[in-house]
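Numbering (mature numbering (1 follows the signal peptide of the UniProt record, and there is no 0)), first residue to last: -23 to -1, 1 to 163. Built from N, CA and C at the ideal position, the CB exists for glycine as well. Everything on this sheet refers to the single structure shown next.
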Amino acid sequence: MKATRHLISTIALVAALGGGLTACGPEDDSAAGSGGSSSGASAKPSAKPADGGSADKSGGEGSFGDCGQPPKLPAGHKMIEIAVPPSKGSMSAKDAKPTCTPNDWIYHGEGAAKYYLFTAGEVKAELSTGSGSYKTVPVGELWSHAGDCMTNQSAVKQPYTCSGNIYDITLDSEGKVKTIKEVWHP
């Protein structure tokens, strides 16, 4: 009789521990898993991804986490990832889309690179000097900085750093770059 109780207790203990250890897996990111409570709570996001997003990029099932809604850019702004070091007056860049990561939303270039010209007049250029702070620089300095970040990061001097090669741009009515601002991200 005592042996039967030990056997049943051991089986119950193994079942309880085994269910807890296998609750989280690549297909199930809930702590309850299939062997957990039946409280009715779901680990799946209740909101659908915003236009242009997908479940993988907006914190859906199987992604890195729930970042909430993707960031919305101000009217006329566009995020880009420079594809090759800019030359005087032009650059090639990919459209950058937000991706949910463990560090919140981070922009990454997607698709084919597009060719951009800069306006002939004064271009407002800003480089990041850390979280939320920027320094206005001549556009040529920004081109050099972007090139160094892509080819020789050791050439980048303080207070500047390289943080993903993502830039926020605005275009004039002819589609030429009139402002360009480095986006800081750790």
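By DSSP's assignment, L50 forms no beta bridge with any residue. By the Cβ-count criterion, G45 is exposed, with fewer than 16 other Cβ atoms from all chains shown falling within 10 Å of its own Cβ. A contact is defined here as three or more CB-CB pairs under 8 Å, and the stretch 103 to 110 fails this definition with respect to the stretch 124 to 134.
Excluding residues up to 5 positions away in sequence, K34, W82, I83, Y84 and H85 lie with their Cβ nearer than 8 Å to the Cβ of T76 in the same chain.
Per the DSSP secondary-structure output, T113 pairs in a beta bridge with E103.
By the criterion of a C-beta distance shorter than 6 Å, S67 is surrounded in its chain by L94, once the five residues flanking it on both sides are discounted.
Scanning P47, S69, P62 and T156 for the CA closest to the CA of T78 turns up P47. At least 9 Å separates the beta-carbon of V100 from that of K55. Secondary structure note for T138: it is in no beta strand (DSSP E), with a DSSP letter that is neither H nor E. CA-to-CA, the gap between P51 and P62 works out to about 26 Å. In terms of Cα proximity to K134, the closest of L119, K153 and K158 is L119.
Taking the Cα of K49 as reference, the smallest distance to any Cα among D145, K153, V116 and A70 is reached at D145.
Straight across, the Cα-Cα distance linking K91 with G152 is about 11 Å. Distance from the CA atom of Q130 to the CA atom of I143, rounded to whole angstroms, is 15 Å. In terms of Cα proximity to Y137, the closest of S150, T113 and T147 is T113.
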